[in-house]
Every structure is written in structure tokens, then in C-alpha cells.
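S.K.: Here's a structure for you.
There are 2 protein chains.
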Amino acid sequence: MSAPMKKSLVMKFGGTSVANLDRIRNVAQHVKREVEAGYDVAVVVSAMSGKTNELVAWCKDASALYDMREYDAVVASGEQVTSGLLAIALQNIGIKARSWQGWQIPILTDDAHGSARILELDGSRLMDSFSTRGEVAVIAGFQGIHEATGRLTTLGRGGSDTSAVAIAAGIGAERCDIYTDVDGVYTTDPRIVPKAKRLEKVAFEEMLEMASMGAKVLQVRSVELAMTHRVPTYVRSSFDDPADPKPGTLICGEEDIVEQQIITGIAYSKDEAQITLRRVADKPGIAAAIFVPLADANINVDMIIQVVSDDTTTTDITFTVPTADFERAKTILEGLRSTIGYATLQGANDVVKVSAIGVGMRSHAGVAARAFKSLADKGINIRAITTSEIKFSVLIDSAYTELAVRTLHSLYGLDQA
Amino acid sequence: MSAPMKKSLVMKFGGTSVANLDRIRNVAQHVKREVEAGYDVAVVVSAMSGKTNELVAWCKDASALYDMREYDAVVASGEQVTSGLLAIALQNIGIKARSWQGWQIPILTDDAHGSARILELDGSRLMDSFSTRGEVAVIAGFQGIHEATGRLTTLGRGGSDTSAVAIAAGIGAERCDIYTDVDGVYTTDPRIVPKAKRLEKVAFEEMLEMASMGAKVLQVRSVELAMTHRVPTYVRSSFDDPADPKPGTLICGEEDIVEQQIITGIAYSKDEAQITLRRVADKPGIAAAIFVPLADANINVDMIIQVVSDDTTTTDITFTVPTADFERAKTILEGLRSTIGYATLQGANDVVKVSAIGVGMRSHAGVAARAFKSLADKGINIRAITTSEIKFSVLIDSAYTELAVRTLHSLYGLDQA
Chain A
472 MSAPMKKSLV MKFGGTSVAN LDRIRNVAQH VKREVEAGYD VAVVVSAMSG
522 KTNELVAWCK DASALYDMRE YDAVVASGEQ VTSGLLAIAL QNIGIKARSW
572 QGWQIPILTD DAHGSARILE LDGSRLMDSF STRGEVAVIA GFQGIHEATG
622 RLTTLGRGGS DTSAVAIAAG IGAERCDIYT DVDGVYTTDP RIVPKAKRLE
672 KVAFEEMLEM ASMGAKVLQV RSVELAMTHR VPTYVRSSFD DPADPKPGTL
722 ICGEEDIVEQ QIITGIAYSK DEAQITLRRV ADKPGIAAAI FVPLADANIN
772 VDMIIQVVSD DTTTTDITFT VPTADFERAK TILEGLRSTI GYATLQGAND
822 VVKVSAIGVG MRSHAGVAAR AFKSLADKGI NIRAITTSEI KFSVLIDSAY
872 TELAVRTLHS LYGLDQA
Chain B
472 MSAPMKKSLV MKFGGTSVAN LDRIRNVAQH VKREVEAGYD VAVVVSAMSG
522 KTNELVAWCK DASALYDMRE YDAVVASGEQ VTSGLLAIAL QNIGIKARSW
572 QGWQIPILTD DAHGSARILE LDGSRLMDSF STRGEVAVIA GFQGIHEATG
622 RLTTLGRGGS DTSAVAIAAG IGAERCDIYT DVDGVYTTDP RIVPKAKRLE
672 KVAFEEMLEM ASMGAKVLQV RSVELAMTHR VPTYVRSSFD DPADPKPGTL
722 ICGEEDIVEQ QIITGIAYSK DEAQITLRRV ADKPGIAAAI FVPLADANIN
772 VDMIIQVVSD DTTTTDITFT VPTADFERAK TILEGLRSTI GYATLQGAND
822 VVKVSAIGVG MRSHAGVAAR AFKSLADKGI NIRAITTSEI KFSVLIDSAY
872 TELAVRTLHS LYGLDQA
């Protein structure tokens with residue numbers, strides 16, 4: 472005789488979606504629509520756009536070497552403000568609501584301040600607030616608490632996406648809607664390829680590759696979490712009419728995608744710099760001698776290619792690092808020249824990594840080979856190649872970015888209407 | 472054989488003292504001085520000046536009738552930011568420090584959101600942080616937590632003073648230094664009387680009367696708390712040279728003030744409006760008929776004077792209300808005209824209450840009478856008088872404010888060097 476369990480839903484709104492009170496009122500209308508559709512709703516909000524940057528700048532002004540625990544206390548305040556304001560705006564249109572800070576739920580994290588990982592999220596208080604008080608839960612994203620020290624933590628840039636997916640998993644939500652300033656995930660950057668199409672569905676694995684490739688729609692960790700917990704996640708626009716929004720792009724298991732393309736999307740990243748060490752002694756431990764010092768300096772090495780050079784006792788090693796770490800990486804390696812033993816160090820900053828992603832690659836041979844030929848036909852020189860099960864990437868001169876992206880977009884049939 | 476217990480100290484800095492990073496660095500220098508003098512230091516900070524007003528304006532924009540629980544979540548963020556920034560600034564000059572939010576200490580309050588009262592403050596975590604880690608505790612003022620609901624609370628405007636005194640009591644601090652933008656408590660407003668002197672010492676009871684009279688140096692509740700817990704409290708300036716600050720004014724028990732003046736200070740408040748009801752029926756219950764409805768409307772009635780009018784069956788009743796409630800009070804009383812039964816209602820908004828305060832009044836007769844004569848000699852008409860054990864107040868036309876304050880300041884010998 473008990474009433475059927477209500478379905479629950481997580482809605483996440485980023486900084487541009489809550490940039491001012493008018494935008495917050497607009498968010499309240501989106502939430503109202505879902506409440507009226509019969510959902511228990513948890514809303515996760517970011518700081519008002521610009522706020523986090525301002526707070527970070529203050530921390531830097533206070534000390535170049537600021538304590539990350541204090542940084543967390545300072546920057547977490549941005550989301551706190553938005554959560555309270557949205558709760559008020561919801562109440563103002565007749566929707567019961569209350570704000571929740573990360574420590575009130577609680578969202579327990581490790582103590583990696585500034586980029587903490589969620590260890591445990593108990594959804595029971597939120598679910599109790601749904602069932603006994605019928606309240607929308609307005610949750611400050613990005614925040615957690617380290618249990619042993621009782622100190623505030625934050626999840627790193629874009630961490631509110633991760634908060635949202637974790638909460639969806641914690642309350643068993645039917646889905647997680649990530650509202651942003653674009654209306655979905657596209658086959659590639661529409662600024663480069665006007666024929667780029669919004670994807671209806673993307674597999675988790677594909678989205679992971681796209682997210683890490685610079686398609687800045689979703690934080691990588693949030694996609695990992697959604698994949699692990701199988702949370703169907705929509706990317707959609709908060710700028711749509713709240714009364715009649717578009718569906719956006721669903722990120723889901725590949726088993727839920729009936730008509731699978733071979734290639735789903737083309738991504739590119741300009742945040743790459745290439746370093747080549749020529750004529751490195753080809754002996755055991757040489758890779759460690761190069762890459763351990765870079766790892767110790769917190770430099771994230773991406774593509775690594777080793778090619779036997781013209782004489783057989785040495786080898787050429789090429790790899791990429793983030794542009795911001797380029798000079799630092801070169802300095803470290805120049806200092807290690809005698810230890811490593813190489814002839815010359817060459818670097819290039821004007822490179823781009825272009826990638827094609829699709830779970831369909833698993834079952835189709837020769838997908839990448841066709842790309843190499845097409846790029847060569849256009850006179851584009853490939854500096855390096857890496858491949859994985861569901862993607863391949865080429866490193867090329869950045870002047871060819873647009874041409875390469877358009878070429879691959881056409882090649883894999885993504886242009887069609 | 473154990474080391475002697477270190478003495479502890481609370482330092483509180485208001486909004487203008489932490490208005491920007493330069494001011495916060497200046498505060499860090501003040502703290503450093505006390506650390507080097509051998510104190511365990513707890514610092515209590517307000518929000519950067521202007522911040523709280525901005526946050527309150529956002530709440531109002533979100534809804535005219537905003538939920539005070541959400542208001543608390545929003546406005547408490549201002550102090551959170553300052554606490555983290557000051558902790559970073561202290562670390563930057565080599566002082567160990569960490570920030571504490573009200574809920575981390577915890578400071579337990581009732582659930583009167585927006586003006587909560589502290590119920591319990593356990594100083595043991597702070598003292599542990601002193602003794603085991605030698606850290607300065609940088610505490611976000613103004614904040615508390617309601618234990619049963621786990622929700623953030625705030626202590627009302629000026630609540631950081633109350634936080635500071637409560638913490639001083641909770642950790643058994645030797646004293647509580649309230650740093651502000653003035654260098655102490657003066658015999659009266661120096662803008663009106665250039666000869667006004669900074670007081671070396673003021674009794675708690677006197678400060679209570681001065682605080683509630685519009686000498687806006689300290690929040691009334693913080694003085695009450697200091698008096699109850701006998702916390703010696705200094706009012707001093709954060710704009711002094713941190714290396715050589717002036718002592719400010721000590722607020723302490725009157726037993727600690729050796730040379731007691733009869734009158735310590737002259738205060739005035741323009742936030743008063745006068746209402747007089749003429750020819751009210753002089754019968755039991757008439758005061759209740761007037762003042763209960765005003766109390767129900769949350770209107771704070773101050774001076775009340777009842778005078779028998781020319782005929783013996785009626786009486787005139789005069790009282791004051793805050794200027795902001797003047798129109799509302801008149802409307803309520805006009806609506807109750809037939810219930811109360813009065814002939815006319817007269818109101819005046821251009822009035823001021825001038826008060827003379829001093830614990831010495833207790834042992835000296837005729838102190839107030841001298842004032843009435845002096846004011847009459849200057850042609851100042853007294854509309855109403857109230858007296859208490861350690862103060863008397865006169866209500867006069869506001870045009871005479873300066874003249875009355877100067878007259879009383881001279882009369883009681885406060886002008887002398």
C-alpha cells in the first residue's frame with residue numbers, strides 16, 4: 472500500500488549558468504520543470520563565473536606559495552554563495568529547497584587539497600530530505616571534507632561535474648543532467664567545422680577520450696565516475712527555454728547506442744609541445760632516466776615515440792608535454808644531458824594533437840591507416856602517432872589544425888546531415 | 472618539570488582592517504608581534520569590508536522574503552574567505568597558522584538564523600592546536616552552527632566581536648584585543664567635540680550603555696559577554712604601526728579602575744523618534760494596550776514617560792521608537808485609537824537622545840539635575856528624561872545635538888587635558 476518510490480534526478484549548473492541573479496532565476500525555472508515532472512531533484516552548482524578566479528588571485532596575492540588547505544577554505548566559499556542564492560530563488564517561486572555544503576552531506580575525500588578525490592558519499596541525508604520534507608537539495612559543487620582533519624577540500628577545476636555524478640550515484644538517480652553553455656557534445660569543434668553535428672549519444676569511453684583531448688565539456692574524472700557507476704549523463708544547455716529545452720547529448724554505455732559509427736568525433740588539443748632527444752644511447756633504463764625526473768617535477772608526459780636512429784647503437788625519443796611545462800621540461804633535460812647521454816635536444820611549441828575517437832574502431836581494421844593517407848594527400852606532415860583501442864592521435868604542425876580536423880571529419884562521414 | 476603554560480590572546484580585526492590584501496598583510500604583522508611576545512594567538516576576522524553588504528544584496532535580489540537559513544549560508548562565506556587569506560599571509564611571513572570555520576571549532580548556537588546566540592563554545596580543539604602544533608588559529612568570526620540541524624548560523628551584524636569575546640572566554644585568554652579603525656573609546660564623538668579624549672579604561676557597565684547608545688565601537692552583546700566572563704577587552708587601532716601600537720582603551724571591571732570619574736562619556740543617538748498620545752484614559756491595563764501591539768510588531772520601545780494631564784481622568788504618554796519604525800508604529804496606534812482611547816497622536820522625527828554615562832553616578836547625588844540646569848541655561852528644551860543607575864538620557868530637538876553634547880562634556884570635566 473506504500474506509494475511508489477519517486478524517481479530522482481541530478482541537475483548540475485556551471486559558472487556561466489549561475490553568473491548573476493537573472494541566470495540563477497533561470498536555473499530555478501529549469502529545476503521547477505523537473506520538480507513538476509515528478510522528480511526528487513538534487514541540484515549541484517558551481518561558483519558564479521569569475522568568482523573562483525578572483526578567489527584564487529587573492530590566495531596568490533597573499534603568498535606565491537599558498538597553503539592548499541587554506542586555498543580550499545577560500546575557494547570553496549564561491550559555491551557556498553551560489554547554493555544559498557539558488558535555494559532562495561527556488562523558494563521564491565514556490566519550490567521547497569535547502570542548500571547543502573559538501574561537509575553537511577558529507578562528501579568525504581582524501582586530503583589531496585586542491586584536487587581531492589571523493590572517497591565516500593553517503594546519500595542518505597539527501598534522500599531523507601526528499602522523502603520527509605520534499606525539498607530540492609541545492610548542493611555546493613566542488614567541495615568535500617577530509618574526515619580525519621575535518622578540513623574543507625576541493626575537487627579541482629571542473630570538480631562540480633564530479634560532485635554531480637558522485638551524488639547521482641549516491642542517491643541512485645535516474646540520470647545526471649550537466650547544464651552548460653553549449654547544447655551538447657559535437658562531432659568536432661563547430662568553430663572549425665560548421666558542419667559539425669550534435670551527437671545524440673556518446674559512449675562513456677569515447678567521452679573520456681574526448682574530455683581529455685580538449686573538448687572541455689566535462690571534467691575527465693566525472694566521466695570516469697559516470698562510467699564506473701553507469702550513470703546516464705546528459706550534456707545540455709541552460710540557455711534553452713526552461714519550458715521547452717532540447718535534450719542535449721546522452722553519455723551512456725555503448726550497449727545503449729544502437730547505430731554505432733566507426734568514428735564518433737574528432738578532437739584536437741593545442742596544449743601540446745614536442746620534445747625530441749636525438750641519438751640517445753639505446754640501453755636498458757634509458758626511458759626511466761628521462762621520464763622519472765619529469766614525473767618528479769609533476770610534468771605530465773603524453774605521446775611517447777621511440778625510433779631507432781640511423782646508427783644502431785642509439786635511438787631518437789620524441790614525446791609531448793603540456794605547453795605550460797615546455798620550458799621547465801627542457802631545462803630539466805638539459806641539466807641531465809650527461810646522465811642521459813643524448814646528442815641534441817629539439818623542441819617545438821607550434822604543434823597540435825588531432826585525434827579521432829570511436830568505439831567502432833575496435834571492430835574495424837585500417838581505420839587509422841586511411842587517415843594517414845588522407846592527411847598525406849593534403850601535404851600534412853605527421854610528427855608522431857599514437858593509437859589506443861578506441862582512438863588514434865597524430866601530432867602535426869599547428870598551422871594545419873583546421874585542415875586536418877576538416878579532413879578527418881569528412882573522411883569518417885561526420886559531415887553528413 | 473613541565474613547561475609553564477603559555478598565555479593566550481584573542482585579536483579581532485573588523486572589515487576595514489582586512490579590506491584588501493595589503494590590509495591583511497598589515498594584520499599579519501600585528502599578529503606576528505604578539506606571537507613573538509610569547510602568546511598563543513587566536514585571531515578572529517570579519518569579512519572584507521563591503522563583502523557582507525554585497526552578499527546581503529544578492530539574497531534580497533533572489534527574494535524579498537529570503538529564508539534566513541540560506542541567508543546565513545550565503546553571508547558566512549565572507550568570513551570564510553578572510554580566514555583562509557590571513558592564514559596564508561601569516562604562513563608567508565613564517566608564522567604557523569590555520570583557518571577555522573565556526574562549525575569546525577565548533578561554536579554551537581541556537582537556530583535564530585541571522586542573529587543566533589552562542590550556546591556553547593568548546594575551546595579544546597583550538598588549545599590543542601596551540602599546544603601540539605604551535606599554530607595561530609585564524610577564526611572566521613560571525614559564524615556558528617546549529618547542532619540539531621547541522622546548519623550554518625550567523626550572529627548578526629557586528630557578530631565577530633561576540634565571536635572574539637566568546638573565544639577568549641572559551642580558551643581562557645589573558646585578554647581580547649578588538650582592532651578597529653579608531654584607536655579607542657572616546658569621552659564623546661570627536662567630530663562634535665574636538666577636545667574629546669581617548670579613555671584609558673571604561674567599565675563593562677559603562678561600555679554597555681555607550682554601545683547601545685550609538686557609540687558603534689563594539690557590539691552590545693560582545694560587551695555583555697565580556698562582562699559575564701570578566702574578559703579584559705581592549706579597543707585599539709589596526710592602523711597603528713604594527714611594531715609600535717598604542718594601547719587603546721581597556722574595557723574591564725570597575726574594580727580595576729582606580730581613578731573613577733563621575734561621568735565617563737557623553738553619547739548621542741539620532742535613531743530615535745518620539746510619539747506622544749494625549750489624554751489617554753488613566754485606567755489599569757492602558758500601558759499594555761499600547762505597548763503589547765508594538766512589541767508584537769517587533770518595534771523596540773525605548774524611553775517611556777507618563778505624565779498626568781490637566782484633567783485627572785486622563786494621562787499623556789510619551790515614548791520613543793527607532794526612526795525606521797516610526798511610520799509603522801504610528802499606523803499601528805492609529806488603528807488602535809478606539810481600543811486605547813486617546814485624544815490625539817503627536818509624533819516627532821527630528822529628535823535626538825543625549826546620554827551621560829558613568830558608574831560614579833551611583834555614589835553621587837544630583838548629577839543629572841546639574842545637567843538639566845545647564846541645558847536649560849542654553850535654551851535647550853527637554854522633551855523627555857530617563858535615568859538609570861549609571862546613566863541619564865534626555866530627548867531634545869536634534870538641532871541642539873552638538874550644543875547639548877558639548878555642554879555636558881564640559882560640565883562633567885571631560886574637556887580637560
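Residue numbers (the working numbering), protein chains in the order written: chain A, 472 to 888; chain B, 472 to 888. For each residue, glycine too, the CB sits at the ideal point set by N, CA and C.
Got a sec, what are the start and stop residues for the beta strand (DSSP E) Ala568 (chain B) sits in?
M.R.: Its beta strand (DSSP E) spans residues 568-571.
S.K.: Starting from the N-terminal side, write out each stretch of the beta strand (DSSP E) that is 3 residues or longer and does not extend beyond the segment 606-660 of chain A.
M.R.: 607-611, 614-617, 622-625, 646-651, all fully within the segment 606-660 of chain A.
S.K.: Kindly indicate which three-state DSSP category Met482 (chain B) falls into: helix, strand or coil?
M.R.: In the structure shown, Met482 (chain B) sits in a strand (DSSP, three-state: E or B).
S.K.: I need the boundaries of the alpha helix (DSSP H) containing Ser845 (chain B), first residue and last residue.
M.R.: Note, Ser845 (chain B): alpha helix (DSSP H), 838-848.
S.K.: Below 8 Å on the Cβ atoms is my guess for Ala544 (chain A) versus Leu623 (chain A); work out the distance and round it to an integer in Å.
M.R.: Confirmed, Cβ separation roughly 5 Å.
S.K.: Cβ atoms of Lys567 (chain A) and Leu607 (chain A): under 8 Å apart, would you say?
M.R.: At residue 607 (chain A) the sequence reads Val, which differs from the Leu that was named. Yes, Cβ-Cβ distance for Val607 (chain A) and Lys567 (chain A) is below 8 Å.
S.K.: List the residues of chain A whose Cβ lies closer than 8 Å to the Cβ of Asn497 (chain B), in chain order.
M.R.: Within chain A, no residue comes near Asn497 (chain B); the closest Cβ sits about 12 Å away, beyond 8 Å.
S.K.: For a contact defined as C-beta to C-beta under 9 Å, what are the partners of Cys530 (chain B) on chain A?
M.R.: Gly555, Leu556, Ile559, listed in chain order.
S.K.: Can you tell me the Cα-Cα spacing of Tyr510 (chain A) and Lys483 (chain A), whole angstroms?
M.R.: If I take the Cα positions, the gap works out to 15 Å.
S.K.: Just checking: is the beta-carbon of Asn524 (chain A) within a distance shorter than 8 Å of some beta-carbon in chain B?
M.R.: No, Asn524 (chain A) lies away from the interface with chain B (no Cβ there is under 8 Å from its Cβ).
S.K.: To which residues of the same chain is Arg841 (chain B) closer than 8 Å at the C-beta, ignoring the five residues directly before and after it?
M.R.: Excluding positions up to five away in sequence, the list reads Leu882.
S.K.: Using 8 Å as the limit for Cβ to Cβ distance, is Asp538 (chain A) near chain B?
M.R.: Yes, because at least one Cβ of chain B sits closer than 8 Å to the Cβ of Asp538 (chain A).
S.K.: Mind checking the segment 570-586 of chain B against chain A and listing, in chain order, the residues whose C-beta falls within less than 8 Å of any C-beta there?
M.R.: Taking 8 Å as the Cβ-Cβ cut-off against chain A, the residues of the segment 570-586 of chain B that qualify are Ser570, Gln572, Trp574, Gln575.
S.K.: Entirely within the segment 707-785 of chain A and at least 3 residues each: give me those beta strand (DSSP E) ranges in chain order.
M.R.: List check, beta strand (DSSP E) in window: 720-723, 736-740, 744-752, 775-779.
S.K.: Using Cβ-Cβ distances below 7 Å, what residues of the segment 493-519 of chain B are close to chain A?
M.R.: Taking 7 Å as the Cβ-Cβ cut-off against chain A, the residues of the segment 493-519 of chain B that qualify are Ile495.
S.K.: Measure the C-alpha to C-alpha separation of Gly486 (chain B) and Asp493 (chain B) and round it to an integer number of angstroms.
M.R.: Between Gly486 (chain B) and Asp493 (chain B), the C-alpha separation is close to 13 Å.
S.K.: Give a yes or no on whether the C-beta atoms belonging to Ser517 (chain B) and Asp652 (chain B) are separated by under 8 Å.
M.R.: Contact flag unset, no.
S.K.: Establish whether the CB of Ala608 (chain A) and some CB of chain B are separated by less than 8 Å.
M.R.: Not an interface residue.
S.K.: Quick one: what does DSSP say Ala528 (chain A) is sitting in, helix, strand or coil?
M.R.: Note: Ala528 (chain A) maps to helix in three-state DSSP.
S.K.: With three or more C-beta pairs closer than 8 Å as the rule, is the segment 594-601 of chain B touching the segment 544-561 of chain B?
M.R.: No: fewer than three Cβ pairs fall under 8 Å.
S.K.: Only counting the same chain, and skipping five residues up and downstream in sequence, which positions put a Cβ closer than 8 Å to that of Glu860 (chain B)?
M.R.: The residues are Met832, Arg833.
S.K.: Please list, in chain order, all residues of the same chain as Cys530 (chain A) whose beta carbon is under 8 Å from its beta carbon, the five residues on each side excluded.
M.R.: So the list reads Tyr537, Glu541, Tyr542, Val545, Val546, once near-sequence residues are dropped.
S.K.: With 16 other CB atoms within 10 Å as the buried threshold, where does Asp632 (chain A) fall?
M.R.: Buried is the call here.
S.K.: Do Ile638 (chain A) and Val838 (chain A) come within 8 Å of each other at the CB atom, strictly closer than that value?
M.R.: No, the pair does not count as a contact, with Cβ atoms beyond the cut-off.
S.K.: Going by beta-carbon coordinates alone, are Met678 (chain B) and Leu689 (chain B) separated by less than 8 Å?
M.R.: Yes, they are a contact pair.
S.K.: Using a beta-carbon distance below 8 Å, is Gln551 (chain B) in contact with chain A?
M.R.: Closer than 8 Å: yes.
S.K.: Measure the C-alpha to C-alpha separation of Arg701 (chain A) and Ser693 (chain A) and round it to an integer number of angstroms.
M.R.: Cα-Cα distance, rounded: 12 Å.
S.K.: Please confirm whether Val527 (chain B) and Ser709 (chain B) have their CB atoms less than 8 Å apart.
M.R.: No, they are not a contact pair.
S.K.: State yes or no: is the beta carbon of Glu695 (chain B) nearer than 8 Å to at least one beta carbon in chain A?
M.R.: Not one chain A Cβ lies under 8 Å of Glu695 (chain B).
S.K.: Could you tell me the boundaries of the beta strand (DSSP E) in which Asp442 (chain A) lies?
M.R.: Chain A is shown only over 472 to 888; residue 442 (chain A) falls outside these bounds and no answer can be derived.
S.K.: Along the beta strand (DSSP E) that carries Gly549 (chain B), what are the first and last residues, could you check?
M.R.: It is not in any beta strand (DSSP E) - Gly549 (chain B) instead sits in the alpha helix (DSSP H) that spans 539-563.
S.K.: Quick check: the segment 761-780 of chain B against the segment 871-881 of chain B, are there 3 or more CB pairs under 8 Å?
M.R.: Segments in contact, no.
S.K.: Under 8 Å, Cβ to Cβ, is there at least one residue of chain A near Gln731 (chain B)?
M.R.: Not closer than 8 Å to any Cβ of chain A, the Cβ of Gln731 (chain B) fails to qualify, so no.
S.K.: Which value, in whole angstroms, describes the spacing of the CA atoms of Ser570 (chain A) and Ser826 (chain A)?
M.R.: Using only the alpha carbons, I get a separation of about 41 Å.
S.K.: What first and last residue would you give for the alpha helix (DSSP H) that runs through Gln500 (chain B)?
M.R.: Element bounds for Gln500 (chain B): 492-507.
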